[in-house]
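J.:
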Amino acid sequence: MPASAPQASLSHTPAADTVRPAPDRLGVEETHLMPALAETVALHLISVLPVLRRELEHNQARAVLIPSRELRDAALQALSKRGNIEGAALFATLAPRAHRTAATRALAAFQTAYNYLDALSEQPSAQPSLHAANLHRALLAALGADVEHTRFYSLQPGGADDAGFLTSLIVRCRDSCAQLPSFPLLAPLALRAAGRIVEFQSLNLPDADGGQGHLNRWAQARIPPGFDLSWRELAGAAGSSLAVHALLAAAADPALTAGEAREIEACYFPWAGALHSLLDSLVDRAEDRRAGRASLLDGCTSRTLAARLRALAAYARHASATLPQPARHGVILTAMCSYYLSAPECRDAHGTAVRDALLELLGAPFGLALSMFAAKRLLHRLTSGVYR
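So the sequence shown is numbered by the numbering used here: it starts at 4 and just counts up by one.
(1) Judging by CA-CA distance, which residue of L146, R195, T96, L315 is the nearest neighbour of Q114?
(2) So, does the segment 220-227 touch the segment 310-320, judging by three or more C-beta pairs under 8 Å?
(3) Could you tell me which of N62, L364, A372 sits nearest to C176, measuring between CA atoms?
(4) Which same chain residues, not among the five before or five after L308, have their C-beta less than 8 Å away from its C-beta?
(5) To the nearest angstrom, how far is it from the Cα of V44 to the Cα of S323?
(6) Helix, strand or coil: how does DSSP classify A111 here?
(7) Where P24 and W274 are concerned, what is the direct C-alpha to C-alpha distance, given to the nearest angstrom?
(8) CB-CB under 6 Å to L365, same chain, minus the five flanking residues each way: which ones, in chain order?
(9) List the whole-angstrom C-beta distance separating A297 from G214, where the pair is believed to meet the contact cut-off of C-beta under 8 Å.
(10) Going by alpha carbons, who is nearest to C270 out of R288, P227, A252, H321?
(11) Our contact map puts L192 next to A264 with C-beta atoms below 8 Å; I'd like the distance itself, whole angstroms only.
(12) Between P329 and I200, what straight-line distance do the alpha-carbon atoms span, to the nearest angstrom?
(13) Does the count of Cβ pairs from the segment 125-133 and the segment 148-162 closer than 8 Å reach three?
(14) Any idea what DSSP makes of A148, helix, strand or coil?
(15) Please report the distance separating the alpha-carbon of A163 from that of A319.
(16) For the putative contact between A116 and A141, defined by C-beta atoms under 8 Å, what is the C-beta separation to the nearest angstrom?
(17) CB T104 to CB V54, shorter than 8 Å?
(18) Count the other C-beta atoms from every protein chain shown that fall within 10 angstroms of the C-beta of A39, then say buried if there are 16 or more, exposed otherwise.
(19) Assign G388 to one of three DSSP states: helix, strand, or coil.
(20) Looking at Q204: is its Cβ nearer than 8 Å to the Cβ of H139?
(21) Which whole-angstrom value is the C-beta distance of I88 and F168, which I expect to be below 8 Å?
(22) Near A135, which residues of its chain fall below 6 Å by C-beta distance, leaving aside the five closest residues on each side in sequence?
(23) Can you give the Cα-Cα distance for L344 and S185, rounded to whole angstroms?
(24) Considering Cα atoms alone, identify which of L48, A196, T96 is closest to P327.
(25) Using the three-state DSSP reduction, which class does A66 fall into: helix, strand or coil?
(26) For A106, which residues of its own chain have a beta-carbon under 7 Å away from its beta-carbon, when the five flanking residues on both sides are left out?
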């Protein structure tokens with residue numbers, strides 16, 4: 004992959020032609036999703052999960068050797084989010100068999116790096132906004148951008164001796180992307196999605212450091228006229244890694260067209276990405292409150308939240324119907340919703356209202372996926388700890 008890969012255009016907003024009225028139908032019939040769910044689960048278990056386990060074991064072995072306690076703890080925290088990384092790797096089921104291993108490695112490396120950088124950016128810093136931006140520029144480097152590596156840890160309290168952990172993730176992602184036949188076509192879009200993450204992370208500050216006022220204004224300015232989005236939803240879409248995941252998986256398809264690539268981006272930013280971030284915020288809501296962190300759900304009632312997440316899910320599923328492998332994208336979106344809503348943190352009034360709203364919308368595949376994730380969480384709790 005050339006070192007001069009194009010930089011992200013950080014001011015990008017969704018194209019006006021992605022605006023849709025709230026869909027009455029989801030575009031992919033429930034009867035098509037059930038067999039696609041079974042096929043996706045089989046592919047994940049047989050050809051994705053074995054590769055992912057090796058990647059996680061390799062990264063775990065590197066993480067425990069990090070000399071800095073702060074960096075080591077952040078790396079181990081990142082890797083403990085097993086469900087989060089497995090969710091990223093699920094996108095590799097979209098990749099043709101010949102390139103599925105490379106796609107899995109790229110997806111795992113990118114999401115592990117994001118988890119790690121996010122954990123570090125939540126630590127106290129004299130310049131939290133600049134520190135978060137510096138850290139998350141590593142995601143641009145992971146996708147091939149020519150970014151100065153020495154800047155990532157430039158404001159890290161206590162030093163930057165991570166024994167090459169972050170560099171290894173960047174190299175793993177870059178090298179894997181170079182093996183994906185359509186990555187040169189998709190690189191500008193993937194970098195643009197990663198650039199939005201950088202901006203979101205640099206503006207999503209705790210109240211003690213200025214709060215979300217700048218993020219509010221930044222997001223408001225990027226909602227095109229006519230879009231059914233709040234500033235919180237646009238901001239959440241910007242901070243989501245789903246667009247990168249979907250684009251990396253698509254890069255494994257040698258026949259992908261530029262038009263298809265743009266449609267994938269338009270599905271995951273903003274619709275699926277907003278849904279993803281708000282569900283993640285729902286799970287983290289109590290933890291964020293205890294830690295004094297701002298949440299994208301601050302001020303939301305359970306009824307309002309359920310209605311908005313139902314609308315975002317409808318938009319995302321409707322948009323996914325025009326993509327290559329629409330049923331597989333529908334399954335991934337359904338699995339993502341089920342993963343979050345099966346969490347113990349979602350047993351409160353907010354989680355129950357959202358789960359009921361999405362069950363009404365998504366039907367039997369969602370109910371089945373909820374049961375599968377509930378069983379998986381129970382198994383992990385009995386054998387190896389919390390699944391998150």
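All residues carry an ideal CB built from backbone N, CA and C; glycine is no exception. None of the values given here were measured: they were computed from a predicted structure.
T.: Straight from the coordinates:
(1) Translated into positions along the sequence shown, residue 114 becomes position 111. If we check each option's Cα against that of Q114, L146 comes out closest.
(2) no
(3) For this step, residue 176 is matched to residue 173 along the sequence shown. If we check each option's Cα against that of C176, N62 comes out closest.
(4) Within the sequence shown, residue 308 is the residue found at index 305, counting from 1. Same-chain partners within the cutoff: L281, L285, L300, H353, A356, V357.
(5) Here residue 44 is taken as the residue at index 41 of the sequence shown, counted from 1. Here residue 323 is taken as the residue at index 320 of the sequence shown, counted from 1. If you take the alpha carbons of V44 and S323, they lie about 19 Å apart.
(6) Here residue 111 refers to the residue found at position 108 when the sequence shown is read from its first residue. Helix.
(7) Taking the first residue of the sequence shown as 1, we reach residue 24 at position 21. Taking the first residue of the sequence shown as 1, we reach residue 274 at position 271. Model confidence at P24 stands at a pLDDT of 44, short of 50, so the residue's coordinates are unreliable; what they give is reported in the following sentence. Taking the straight line from one Cα to the other gives about 13 Å.
(8) For the purposes of this step, residue 365 is taken as residue 362 along the sequence shown, with counting starting at 1. Around L365: T337.
(9) Position 294 of the sequence shown, counted from the first residue, corresponds to residue 297. Position 211 of the sequence shown, counted from the first residue, corresponds to residue 214. About 6 Å separates the two Cβ atoms, so the contact holds.
(10) Taking the sequence shown and counting its residues from 1, one reaches residue 270 at position 267. Taking only the C-alpha atoms, the option nearest C270 is H321.
(11) Walking along the sequence shown from the start, residue 192 turns up at place 189. Walking along the sequence shown from the start, residue 264 turns up at place 261. Yes, they are in contact, since the Cβ atoms of L192 and A264 sit about 6 Å apart, within 8 Å.
(12) Mapped onto the sequence shown, residue 329 falls at position 326. Mapped onto the sequence shown, residue 200 falls at position 197. Their Cα atoms are separated by approximately 26 Å.
(13) The segment 125-133, when compared against the segment 148-162, does touch it at the 8 Å Cβ threshold.
(14) For the purposes of this step, residue 148 is identified with residue 145 of the sequence shown, where counting begins at 1. Residue state, collapsed to three classes: strand.
(15) Position 160 of the sequence shown, counting from 1, holds the residue named residue 163. Position 316 of the sequence shown, counting from 1, holds the residue named residue 319. In a straight line, the C-alpha of A163 is about 40 Å away from that of A319.
(16) As a first step, residue 116 is located in the sequence shown; it is residue number 113 there, counting from the start. As a first step, residue 141 is located in the sequence shown; it is residue number 138 there, counting from the start. 6 Å between Cβ atoms; contact.
(17) Position 101 of the sequence shown, counted from the start, is the residue given in the question as residue 104. Position 51 of the sequence shown, counted from the start, is the residue given in the question as residue 54. In this structure, T104 places its C-beta atom within 8 Å of the C-beta atom of V54.
(18) The residue labelled residue 39 in the question sits at position 36 within the sequence shown. Counting Cβ neighbours within 10 Å, A39 comes out buried, since at least 16 surround it.
(19) As a first step, residue 388 is located in the sequence shown; it is residue number 385 there, counting from the start. Looking at G388 - three-state DSSP - the assignment turns out to be coil, as it is neither helix nor strand.
(20) Against the sequence shown, residue 204 aligns to sequence position 201. Against the sequence shown, residue 139 aligns to sequence position 136. Contact flag set, yes.
(21) The sequence position of residue 88 within the sequence shown is 85, counting from 1. The sequence position of residue 168 within the sequence shown is 165, counting from 1. That belief does not hold up - the Cβ atoms of I88 and F168 are roughly 15 Å apart, past 8 Å.
(22) Residue mapping note: residue 135 aligns to position 132 of the sequence shown, counting from 1. Contacts found: S124, Q204, S205.
(23) By 1-based counting over the sequence shown, the position of residue 344 is 341. By 1-based counting over the sequence shown, the position of residue 185 is 182. So the two alpha carbons sit approximately 34 Å from each other.
(24) As a position in the sequence shown, residue 327 is number 324, starting the count at 1. Answer by Cα proximity: T96.
(25) Position 63 of the sequence shown, counting from 1, holds the residue named residue 66. It is helical.
(26) Stepping through the sequence shown from its first residue, residue 106 is reached at position 103. Excluding positions up to five away in sequence, the list reads A95, A98, L183, L251, A252, A255.
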